[in-house]
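Protein chains in written order, with UniProt numbering: chain A, 1 to 422; chain B, 1 to 422.
If you want it as structure tokens, here you go:
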């Protein structure tokens with residue numbers, strides 16, 4: 001399980017695993033924690049290798065996230081990729097949303113519900129399962145709040161690899177069905193996501209799971225890099241330039257930081273002009289440890305027991321919380337949280353102004369955008385990208401009470417008249 | 001409401017409305033029935049205009065169905081298009097499905113659940129709403145079994161056009177919510193789809209609906225052309241050639257015939273080599289008027305009262321039934337129908353072999369593919385495309401009983417052992 005990634009024909013730009021805490025370095029492989037300080041490891045790249053990537057290279061690639069293979073740790077050889085068609089999701093100009101919120105600059109919605117299993121998790125899984133196969137794992141696993149479960153089970157089915165997926169047993173029914181349908185093993189856990197995650201860490205140490213790649217545990221450094229493509233794509237779709245502001249939801253906090261990393265890499269590699277950007281983070285009031293630390297002006301992220309309808313964001317002990325705080329603070333951004341009613345209203349606001357039906361996490365992000373405007377914390381004269389990370393069909397029950405037919409009538413003109421529709 | 005489509009800069013290849021029954025011709029406009037024989041009208045094209053389209057033109061276009069504007073009745077001028085990012089959905093090589101069914105030739109799944117509202121209806125709506133706006137309508141409407149409702153409401157929200165959508169009141173809850181969420185008017189009808197459709201025809205004659213484009217009534221000739229892109233895309237994705245066989249689900253029967261029309265146009269315009277293809281049609285046993293006529297060897301499609309879980313296919317009086325029969329018979333194909341248990345098994349078969357989670361309509365198509373193989377009615381040595389037209393998240397309840405967690409346990413290694421997972 002320690003085979004290095006070493007493709008003879010096409011070199012990976014990844015050079016090392018580096019501790020985000022103490023900067024200790026390790027060779028590439030299935031390791032996620034620093035042996036010195038237990039800090040999280042992430043992929044380090046050879047800057048010269050990244051600088052060799054050109055926009056023409058990217059544009060000549062497939063219409064999926066693998067067009068950015070030159071900026072990812074794996075998948076340089078197309079034959080090694082698990083390509084489910086993930087990525088290159090629409091960047092939608094949301095003029096009616098902008099107008100309603102009082103923006104004078106363009107607002108864009110990056111709609112990741114368009115991915116194969118309808119969440120941004122297809123990005124991290126595409127990279128993680130490609131890495132896992134390269135690293136010699138023969139089974140794939142994850143701890144999940146739902147969307148990751150859907151994606152891992154689907155990708156495993158696609159390539160015929162056994163999967164075992166762990167979720168809190170009280171997940172939304174649609175997410176349970178959408179995982180079980182692919183025929184892998186699905187284990188419901190009587191507990192929170194944090195309990196699920198802890199169990200997976202323990203299982204990773206057992207002999208029985210030696211051949212199993214946990215995408216967000218022992219393969220996590222590779223996995224997390226998949227989120228960078230959310231940043232690359234926005235830049236490419238804007239014509240190879242950066243937006244001035246972006247708003248992203250936070251669960252572990254990883255995704256927000258990886259978009260930030262992507263923007264830094266793009267400027268470092270000379271793929272876009274070095275223009276400033278500001279980062280904004282969104283949480284649900286039922287689980288806002290990172291936003292709470294931001295408001296309090298402290299570095300410590302105090303774990304919470306999550307509640308509320310935004311289950312895909314319900315990580316009470318967010319691994320990347322400190323790094324998300326850092327990205328937001330160093331760019332002069334802000335964080336906010338919204339309650340369940342605001343989340344529902346955020347879903348409706350996005351749907352009726354853009355035609356995009358978001359899951360609760362997207363409702364969080366749009367509602368936080370609205371709140372940041374009301375607080376004067378975000379600049380409405382700056383071009384802004386809002387990340388929708390999942391599909392409304394996954395959390396239908398959250399809004400079904402407030403999204404009913406205008407009227408139910410008999411199939412006659414008389415019925416129409418009685419309902420005041422004619 | 002009779003304004004012709006007339007773009008000064010970019011000509012449309014559409015030249016006429018032609019009756020599919022008696023071949024009478026009418027000028028382009030919002031008319032759907034022949035004044036001579038009441039047969040359905042469809043768009044006729046100038047063959048010379050179609051022949052001017054090149055593969056390079058198409059490939060230089062956007063990554064959406066509008067890349068085929070040169071073969072569509074509207075949208076030649078990009079500024080006139082309603083582009084929701086519909087189309088260019090994945091064509092997935094399904095080797096594990098092929099193997100399980102005993103195919104020696106490639107089997108492909110054209111996965112239209114990847115469209116913005118997760119069904120092929122986004123294709124017909126993109127074209128219909130573009131046409132409706134061009135024709136001067138200021139409100140958009142439809143009769144729907146659910147997927148069309150989702151798509152019409154979402155597209156209307158995207159461009160800020162009022163919408164009024166009519167559906168049977170007993171639809172799947174997800175489809176009700178996914179329509180109502182966009183904020184348009186949604187009317188539930190106590191009756192079948194055929195009742196809904198009849199009411200919409202009556203409403204189209206009222207003064208109050210004069211400014212309303214019913215996408216599948218008075219705008220139907222334009223609407224139906226959107227389905228042709230399901231044929232164009234498969235040909236382009238195969239490297240500009242036709243598959244030898246395709247299997248499509250049938251509700252009204254329109255989509256199946258439009259793929260057939262697309263293949264004829266592509267060969268006529270010289271965009272692909274003229275190779276033979278065979279057409280196969282799939283219905284649910286709960287609503288199989290077209291397949292029943294096929295089996296009986298008759299031309300008359302006798303209306304039925306639909307039952308069964310494949311609600312999106314539940315059109316008991318299918319307008320394009322005779323034309324679907326003709327496409328299948330003239331190409332030497334076949335039709336079959338499958339019951340609800342077979343449909344559920346079709347969904348599971350597709351999911352576990354390809355990672356694609358289909359709605360019940362996709363389950364119908366895959367189950368019919370399996371049945372056709374068992375009957376020896378389809379050639380397993382020929383390259384075959386299977387159309388998945390919608391997303392499993394829309395009909396979760398149909399399979400949720402059979403797609404549960406393998407086990408529900410406490411978050412401990414002991415729990416894993418007791419469940420036999422460690």
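Virtual Cβ for every residue (Gly too), placed ideally from N, Cα, C.
My parser needs the beta strand (DSSP E) runs of 3 or more residues fully inside the segment 140-168 of chain B; what are they?
Counting whole runs of 3 or more residues, the segment 140-168 of chain B contains the beta strand (DSSP E) stretches 163-168.
Using a Cβ-Cβ cut-off of 7 Å, state whether residue 45(B) counts as contacting chain A.
Within the second chain, residue 45(B) is the residue found at index 45, counting from 1. For residue 45(B), not one C-beta of chain A is nearer than 7 Å to its own C-beta.
Determine, for residue 178(B), whether the minimum Cβ-Cβ distance to residues of chain A falls below 7 Å.
Reading the second chain from its first residue, position 178 is the one you call residue 178(B). At least one beta carbon of chain A lies nearer than 7 Å to the beta carbon of residue 178(B).
Using the three-state DSSP reduction, which class does residue 96(A) fall into: helix, strand or coil?
By one-based count along the first chain, residue 96(A) stands at place 96. Correct three-state label for residue 96(A): helix.
Interface residues of chain D facing residue 75(B) [CB-CB closer than 7 Å]
Note that chain D does not occur in the displayed structure, where the protein chains are A and B.
So with CB distances below 8 Å, who are the chain B contacts of residue 123(A)?
Your numbering for residue 123(A) matches position 123 in the first chain. Proximity of chain B to residue 123(A) at the Cβ level (cut-off 8 Å) is not reached, the minimal Cβ distance being about 15 Å.
Mind pulling the chain A residues with CB within less than 7 Å of residue 260(B)?
To locate residue 260(B), count along the second chain from 1; it is residue 260. Residues of chain A with a Cβ closer than 7 Å to the Cβ of residue 260(B) do not exist; the shortest Cβ-Cβ separation is about 26 Å.
Sufficient close CB pairs (3 or more, under 8 Å) joining the segment 194-213 of chain B to the segment 228-246 of chain B
Not touching, per the Cβ criterion.
Straight-line gap, residue 356(B) to residue 36(A) (C-alpha atoms, nearest Å)
For the purposes of this step, residue 356(B) is identified with residue 356 of the second chain, where counting begins at 1. For the purposes of this step, residue 36(A) is identified with residue 36 of the first chain, where counting begins at 1. One Cα belongs to residue 356(B), the other to residue 36(A), and the distance between them is close to 43 Å.
Does DSSP put residue 337(A) in a helix, a strand or coil?
Position 337 of the first chain holds residue 337(A). Three-state result, residue 337(A): strand.
Against residue 403(A), what residues of chain B qualify as contacts under a CB-to-CB distance less than 7 Å, listed in chain order?
For the purposes of this step, residue 403(A) is taken as the residue at position 403 of the first chain. The CB of residue 403(A) comes closer than 7 Å to the CB of 177, 180, 181 in chain B, given here in chain order.
Where residue 264(B) meets chain A, residues with beta-carbon distance less than 7 Å:
One-based indexing of the second chain puts residue 264(B) at position 264. Within 7 Å Cβ-Cβ: nothing; residue 264(B) doesn't reach chain A, min ~28 Å.
Count Cβ pairs between the segment 395-413 of chain A and the segment 121-138 of chain A that sit closer than 8 Å; are there 3 or more?
Segments in contact, no.
Residue 166(B) and residue 189(B) closer than 7 Å at C-beta
Position 166 of the second chain, counting from 1, holds the residue named residue 166(B). Position 189 of the second chain, counting from 1, holds the residue named residue 189(B). Yes; because the gap between Cβ atoms is below 7 Å, this pair is in contact.
Please confirm whether residue 46(B) and residue 66(B) have their CB atoms less than 7 Å apart.
Within the second chain, numbered from 1, the residue matching residue 46(B) stands at position 46. Within the second chain, numbered from 1, the residue matching residue 66(B) stands at position 66. It is not a contact, given that the beta carbons lie outside the stated cut-off.
Please report whether the beta-carbon of residue 357(B) lies at a distance below 7 Å from any beta-carbon of chain A.
As a first step, residue 357(B) must be located in the second chain, where it is residue number 357. Answer yes: the Cβ-Cβ gap between residue 357(B) and chain A drops below 7 Å somewhere.
Contacts that residue 174(A) makes with chain B (C-beta to C-beta distance below 7 Å):
The count along the first chain starts at 1 and reaches residue 174(A) at position 174. In chain order: 393, 396.
For residue 372(B), which option in 33(B), 101(B), 64(B) has the closest C-alpha, if you only look at C-alpha atoms?
Translated into the one-based positions of the second chain, residue 372(B) becomes position 372. Taking the Cα of residue 372(B) as reference, the smallest distance to any Cα among 33(B), 101(B), 64(B) is reached at 101(B).
At a CB distance below 7 Å, what residues from the segment 180-200 of chain B approach chain A? Give them in sequence order.
So the close ones are 180, 181, 182, 183, 185, 186, 187, 188, 189, 190, 191, 195, 196, 198, 199.
Could you confirm whether any beta carbon from chain B is found closer than 7 Å to the beta carbon of residue 141(A)?
Numbered from its first residue, the first chain carries residue 141(A) at position 141. False, the Cβ-Cβ gap to chain B never drops below 7 Å.
I'd like the ranges of any beta strand (DSSP E) spanning at least 3 consecutive residues and lying wholly in the segment 74-118 of chain B.
If only complete runs of 3 or more residues are kept, the segment 74-118 of chain B shows the beta strand (DSSP E) at 91-93, 107-111, in order along the chain.
Using the beta-carbon of each residue, which ones in chain A are nearer than 8 Å to residue 133(B)?
On the second chain, position 133 is the one that residue 133(B) refers to. None at all; the shortest Cβ gap to chain A is about 15 Å.
What residues in the segment 9-41 of chain A have a beta carbon less than 8 Å from any beta carbon of chain B?
Here the close residues number zero.
Using a Cβ cut-off of 7 Å, pull out every chain B residue sitting near residue 408(A), in sequence order please.
Along the first chain, read from residue 1 onward, the residue named residue 408(A) stands at position 408. Neighbours of residue 408(A) on chain B, chain order: 169, 188, 190.
Taking its Cβ as the centre, do 16 or more other Cβ atoms sit within 10 Å of residue 60(A), making it buried, or is it exposed?
The residue you call residue 60(A) lines up with position 60 of the first chain. Flag for residue 60(A) reads exposed.
Note down, in chain order, all residues in the segment 70-96 of chain A with a beta-carbon under 7 Å from any beta-carbon belonging to chain B.
For the segment 70-96 of chain A, which is checked against every Cβ of chain B, the residues closer than 7 Å are 84, 85, 90, 96.
Compare the Cα-Cα distances from residue 148(B) to each of 121(B), 90(B), 73(B) and report the closest residue.
Within the second chain, numbered from 1, the residue matching residue 148(B) stands at position 148. Out of 121(B), 90(B), 73(B), 121(B) has the C-alpha closest to the C-alpha of residue 148(B).
Since residue 73(A) and residue 92(A) are thought to touch, with beta carbons under 8 Å apart, how far apart are those beta carbons, to the nearest angstrom?
The residue you call residue 73(A) lines up with position 73 of the first chain. The residue you call residue 92(A) lines up with position 92 of the first chain. The Cβ separation is near 30 Å, so there is no contact.
Write down the C-beta distance between residue 362(B) and residue 384(B) rounded to the nearest angstrom, noting that I regard them as a contact closer than 8 Å.
Within the second chain, numbered from 1, the residue matching residue 362(B) stands at position 362. Within the second chain, numbered from 1, the residue matching residue 384(B) stands at position 384. Incorrect: roughly 15 Å between the Cβ atoms, too far for contact.
Please classify residue 178(B) as buried or exposed, where buried requires at least 16 other C-beta atoms within 10 Å of its C-beta.
Here residue 178(B) is taken as the residue at index 178 of the second chain, counted from 1. With a 10 Å radius around the Cβ and a threshold of 16 neighbouring Cβ atoms, residue 178(B) comes out buried.
Since residue 71(B) and residue 13(B) are thought to touch, with beta carbons under 8 Å apart, how far apart are those beta carbons, to the nearest angstrom?
Locating residue 71(B) in the second chain gives position 71, counting from the first residue. Locating residue 13(B) in the second chain gives position 13, counting from the first residue. With 8 Å as the limit, residue 71(B) and residue 13(B) qualify as a contact, their Cβ atoms being about 7 Å apart.
Based on the DSSP secondary-structure assignment, which residues constitute the bridge partners of residue 214(A)?
What you label residue 214(A) is simply residue 214 of the first chain in a count that begins at 1. Partner(s): 141(A).
For residue 414(B), count neighbouring C-beta atoms within 10 Å of its own C-beta (all shown protein chains included) and say buried if the count is 16 or more, exposed if not.
Looking up residue 414(B) in the second chain gives position 414. Residue 414(B) counts as exposed, since fewer than 16 other C-beta atoms from the protein chains shown sit within 10 angstroms of its C-beta.
With 16 as the cutoff for other CB atoms within 10 Å, does residue 138(A) come out buried or exposed?
Numbered from its first residue, the first chain carries residue 138(A) at position 138. So residue 138(A) ends up on the exposed side.
Any chance you could list the beta strand (DSSP E) runs of at least 3 consecutive residues sitting entirely within the segment 226-292 of chain A, in chain order?
Assignment of beta strand (DSSP E) within the segment 226-292 of chain A, counting only whole runs of 3 or more residues, yields 245-249, 278-284 in chain order.
Among the residues of its own chain, which have a CB less than 6 Å from the CB of residue 250(B), if the five just before and after it don't count?
Indexing the second chain from 1 puts residue 250(B) at position 250. The answer, listed in chain order, is 256, 281, 283, 290, 324.
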